[in-house]
Amino acid sequence: MTASLRKRDRAREHLIGLIEARAVGQAIPSERQLSAELGISRPTLRAVVDDLIRDGWLVREHGRGMFVGSPKIVQEIVGGPSSRGAAYPLAPGTWTSRVLDHAVIPAGMTLGSRLRVTAGTPVLRIARQRFVDGEPISVETIHVLDSLVPGIDLGAIETGSFYGLLRDRYGVVPTDAEQVHEAAAADAAEAALLGVALGAPVLVLERVARDQDGRIFEFTRAVYRGDRYRVTTQLSLSSVAAEVEHAHEWGGGDTVDDDA
Numbered sequence: 002m003t004a005s006l007r008k009r010d011r012a013r014e015h016l017i018g019l020i021e022a023r024a025v026g027q028a029i030p031s032e033r034q035l036s037a038e039l040g041i042s043r044p045t046l047r048a049v050v051d052d053l054i055r056d057g058w059l060v061r062e063h064g065r066g067m068f069v070g071s072p073k074i075v076q077e078i079v080g081g082p083s084s085r086g087a088a089y090p091l092a093p094g095t096w097t098s099r100v101l102d103h104a105v106i107p108a109g110m111t112l113g114s115r116l117r118v119t120a121g122t123p124v125l126r127i128a129r130q131r132f133v134d135g136e137p138i139s140v141e142t143i144h145v146l147d148s149l150v151p152g153i154d155l156g157a158i159e160t161g162s163f164y165g166l167l168r169d170r171y172g173v174v175p176t177d178a179e180q181v182h183e184a185a186a187a188d189a190a191e192a193a194l195l196g197v198a199l200g201a202p203v204l205v206l207e208r209v210a211r212d213q214d215g216r217i218f219e220f221t222r223a224v225y226r227g228d229r230y231r232v233t234t235q236l237s238l239s240s241v242a243a244e245v246e247h248a249h250e251w252g253g254g255d256t257v258d259d260d261a
């Protein structure tokens with residue numbers, strides 16, 4: 002490790018200690034003061050500060066200084082060669098929901114294609130606003146085959162896990178999913194529900210899920226605040242390495258399709 006990296010690690014550890022000792026919104030010492038205390042250059046310190054700002058630990062206000070922020074909520078996705086799909090450990094914080102709207106609608110061409118059903122098939126659509134520790138974090142629109150969830154308890158969706166409700170009450174066990182993430186800008190409705198400015202960066206998630214019988218039962222589109230939410234992924238590359246080695250042994254191509 003170079004001296005520069007050691008200095009950055011030491012600065013980051015010191016700053017996180019200062020942050021954890023303060024409440025959200027409290028000021029921390031100026032960059033000039035911190036640079037002198039730590040014996041590092043301003044550019045090195047600023048790089049560490051910029052990283053902490055990006056992660057939500059700090060907020061810089063022009064002309065006022067730096068203040069303790071609310072760190073991003075990190076959702077970890079864990080997948081491996083032995084699993085059929087990804088696992089979602091519980092994200093930090095207390096998650097609650099508010100159902101905004103619900104209705105049984107006929108599947109159109111696009112929704113029917115996503116759920117692999119014919120046009121006109123009844124689909125339950127649920128729009129809900131999600132909170133972490135009382136702060137709005139996402140807006141979700143869930144589409145689930147109506148025949149699978151007769152008499153669904155919307156109150157249970159607000160206070161508990163949607164997948165838990167499917168499993169415990171209806172015997173629908175989610176097993177694997179195809180999920181796409183992309184960056185976007187909040188429209189007027191999303192901005193109002195998320196408490197952000199119009200056009201603020203958001204993370205859009207679209208997921209198609211299958212149950213224990215291989216049946217597609219759900220299509221969900223969720224919009225998360227870009228300033229408060231982050232997705233991290235842990236991958237096992239051992240199977241990929243083995244496939245690459247095998248392909249080379251048998252004169253295969255240079256690419257490997259990973260279906261995990």
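Okay, so the sequence shown: first residue is 2 according to the working numbering, each after it adds one. C-beta atoms are modelled at their ideal positions from N, C-alpha and C, and glycine is treated no differently.
Using only alpha-carbon positions, find the residue among the options that is nearest to residue i.
i, options, result
"residue 1", "187, 49 and 109", "The shown model of the chain, from 2 to 261, leaves out residue 1, and the question about it has no answer."
"residue 204", "192, 196 and 183", "183"
"residue 262", "44, 53, 45 and 209", "Since the first residue shown for the chain is 2 and the last is 261, residue 262 is missing from the structure and cannot be characterised."
"residue 96", "66, 132 and 106", "132"
"residue 192", "164, 140, 208 and 145", "140"
"residue 157", "197, 99, 27 and 214", "99"
"residue 129", "114, 162 and 110", "162"
"residue 34", "47, 178 and 23", "47"
"residue 8", "23, 26 and 38", "38"
Just checking my contact of residue i with residue j at CB under 8 Å: how many whole Å lie between their CB atoms?
i, j, result
"residue 143", "residue 219", "7 Å"
"residue 20", "residue 29", "7 Å"
"residue 23", "residue 32", "Not really, about 16 Å apart at Cβ, beyond 8 Å."
Suppose contacts are defined by Cβ-Cβ distances below 9 Å. Is residue i in contact with residue j by that definition?
i, j, result
"residue 13", "residue 69", "no"
"residue 160", "residue 211", "no"
"residue 127", "residue 167", "no"
"residue 104", "residue 121", "no"
"residue 199", "residue 185", "no"
"residue 112", "residue 147", "no"
"residue 150", "residue 180", "no"
"residue 201", "residue 195", "yes"
"residue 58", "residue 16", "yes"
Using the Cβ count rule (16 or more neighbours within 10 Å means buried), how would you classify residue i?
i, result
"residue 67", "buried"
"residue 145", "buried"
Might you give, ordered along the chain, the residues of its own chain that have their beta carbon closer than 7 Å to the beta carbon of residue i, omitting 5 neighbours on each side?
i, result
"residue 138", "74, 131, 132, 225, 226, 229 and 230"
Might you give, ordered along the chain, the residues of its own chain that have their beta carbon closer than 6 Å to the beta carbon of residue i, omitting 5 neighbours on each side?
i, result
"residue 123", "105 and 147"
"residue 116", "217 and 220"
"residue 213", "174 and 176"
"residue 164", "175"
Could you check whether the Cβ of residue i sits closer than 9 Å to any Cβ belonging to chain E?
i, result
"residue 58", "Judged by its chain identifiers, the structure shown contains no chain E, having just a single protein chain."
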